[in-house]
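Per numbering that gives the first Met the number 0, the sequence shown runs over residues 0 to 483.
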Amino acid sequence: MLYKTRMSDVKPSSDQPTLDPENFEVLRAQGHRMLDDMVDYIADIRQRPVWQPIPDDVRVRFRAGLPEEPADLGAVYDEFARSVVPYAAGNVHPGFMGWVHGGGTAVGMLAEMLAGGLNANLGGRDHAPMEVERQVVDWVRRIFAFPDGATGLFVTGSSLANFIGVLVARTAALGTEVRKSGLGEAGGKLRAYASAAAHRCIPLAMDLSGLGSDAVHPIATAADGRMDLVKLAEAVSRDRAAGLTPFLVVGTAGTVDTGAIDDLSAIADFCAAEKLRFHVDGAFGALAVLSPKLKPLVNGIERADSIAFDFHKWGQVPYDAGFVLVRDGKLHRDTFASPAAYLRPQAKGLAAGAPWFSDYGPDLSRGFRALKTWFTLKTYGLKRIGQVIEHSCELAQYLEARVRAEPKLELLAPAQLNIVCFRYGTSDAANAKIVVDLHESGIAAPSTTTVNGKLAIRCAFVNHRTQIRDVEAMLAAVLRLGSA
Ligand SMILES: *Cc1c(COP(=O)(O)O)cnc(C)c1O
């Protein structure tokens, strides 16, 4: 019988070689070279362009076939050094001002290497890496003044963290039965509310949770970019009158377009009065709590039922390091825990250490994201990270003042937090071209957005390496490209 292989047929006659190197000294030398190169990459980042397009002859190298045969590590590394490194997105570079990308640090990079060496799986079991993540969870709980019993975990990013926030709210509204029998009639009536400027991952979270993206009402923003709370109250009472079930308000701390922060205290009051859940998408803005100066902007965040945010944006931790914090730890666990005989925690031994992180999210196998965050927070300290965050807001203030002083430039959205939107002259097409030319020049990489129907050059300062001279270099290039 061909399909039935007997163990006696496959018994090895001798030990097989492992995947470890025959000579660790050779590997060590190669490893040191990689480490030195990457330290140089970070140390000398200013000497390189922010970004450059991938040449065709480089792109085709990535279309080569399956690597059936082994290759020398040094040769693979050379390919990485030649074909990958020069064509990275550039968010390590101080001239990167597009979207909301973190800059990362050398400390975080080293921690990634250590985590890789341990190859820890943080789904569960009793080992020290679990304690590291638990410690970071406890730090986060204290940073946001959440009570004992609040739970949290690392996930890829705020997209997933917001999804988890929506799922926990769904359990709060429908009970754990929803996990077995689905939304049913009651679930079909649930309605959520978020600013029209909320991130697209909020409707996506509603979609993924089965509630449907139409079940989150976009609430118009006021002139300051914050959710209009009068309109919020109107939408909730209109839905109630129509027989629907409002259950969740999502506040945004730092909208992607302009950095606006919803009035979180007022939303907390509203949710308390209306018995709605309050979730905050604080992807980058939540960490403003680390700066004593900026903290008042996110007042009320400590009253949320759950918070999603990223350590990989303003926290400067290398990608990826998203995080979700949930006030009611039992509700969080009830949303994800599932009994499985092979995963049953024990009182002692390696299978002890309950509760396990796999009971708080959809992932079973989980990497050691906590370590790079633990290293970053311990090495720099919360104060220092808070200063970095504050400095990026000062750069936005500086840019706003510079734009106001240049007759050729128009300010489209004043500095909110770390983001400024402006443009050169009046043509959308010309500004789109300026940004593309700027990217190709390698000098700076802002992004674009639309503000009041006008195409804007959008600068978001996130990277701790960005300084006034980088803002000046970007401005000089915009003025030069605009007049060309
Ligand atoms: C970046 C961002 C997200 C998405 O976070 P990821 O980490 O990219 O998944 C969600 N909301 C806001 C406001 C963001 O800035």
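Here a beta-carbon is modelled for each residue, glycine too, at the ideal position from N, C-alpha and C.
Asked	Found
Run of the beta strand (DSSP E) containing Gly250, from where it starts to where it stops	Thr244 to Thr251
Three-state secondary structure assigned by DSSP to Asp309	strand
For Leu152 and Tyr359, the rounded distance between their alpha carbons	7 Å
Closer than 7 Å: Ala191 CB and nearest ligand 1 heavy atom	no
Beta-carbon proximity of Arg302 to Ala265, cut-off 8 Å	no
Straight-line gap, Ala350 to Gln134 (C-alpha atoms, nearest Å)	20 Å
Three-way DSSP call (helix, strand, coil) for Tyr499 in this model	The question about residue 499 has no answer here: the residues shown for the chain are numbered 0 through 483.
Check: Ala282 C-beta below 7 Å from any heavy atom of ligand 1	yes
Where Leu412 falls, given that 16 or more other Cβ within 10 Å makes a residue buried	According to the sequence shown, residue 412 is Ala rather than Leu. Ala412 should be labelled buried.
Simplified DSSP assignment, three categories, for Val99	coil
Residue burial classification, Pro361 (beta-carbon count within 10 angstroms, cutoff 16)	exposed
Where Glu67 falls: helix, strand or coil (DSSP)	coil
Gly481 (DSSP reduced to helix, strand or coil)	helix
Other residues of its chain near Val435: CB distance less than 6 Å, five sequence neighbours each side excluded	none
Sequence-distant residues of its chain with Cβ nearer than 6 Å to Asp469 (five each side left out)	Pro93 and Gly94
DSSP-derived helix/strand/coil call for Arg457	strand
Reduced DSSP secondary structure (H/G/I, E/B, other) of Gly328	helix
C-alpha gap between Phe283 and Gln345, whole angstroms	38 Å
Interface flag, Pro66 vs chain D, CB-CB below 8 Å	No chain D appears in this structure, which consists of one protein chain only.
Neighbourhood of Ala88 by C-beta distance below 6 Å, restricted to the same chain and skipping five residues each side	none
Under the three-state DSSP convention, the category Ile513 falls into	The shown model of the chain, from 0 to 483, leaves out residue 513, and the question about it has no answer.
At least three beta-carbon pairs within less than 8 Å, the region 242 to 251 to the region 190 to 199	yes
Assigned exposure category for Gly183 - 16 Cβ within 10 Å defines buried	exposed
Spatial distance of Lys188 from Leu173 (CA atoms)	11 Å
Sequence-distant residues of its chain with Cβ nearer than 6 Å to Ser357 (five each side left out)	Gly122, Gly123 and Leu363
Coarse secondary structure for Glu471, derived from DSSP in three states	helix
Distance CB(Val323)-CB(Gly107) smaller than 8 Å	no
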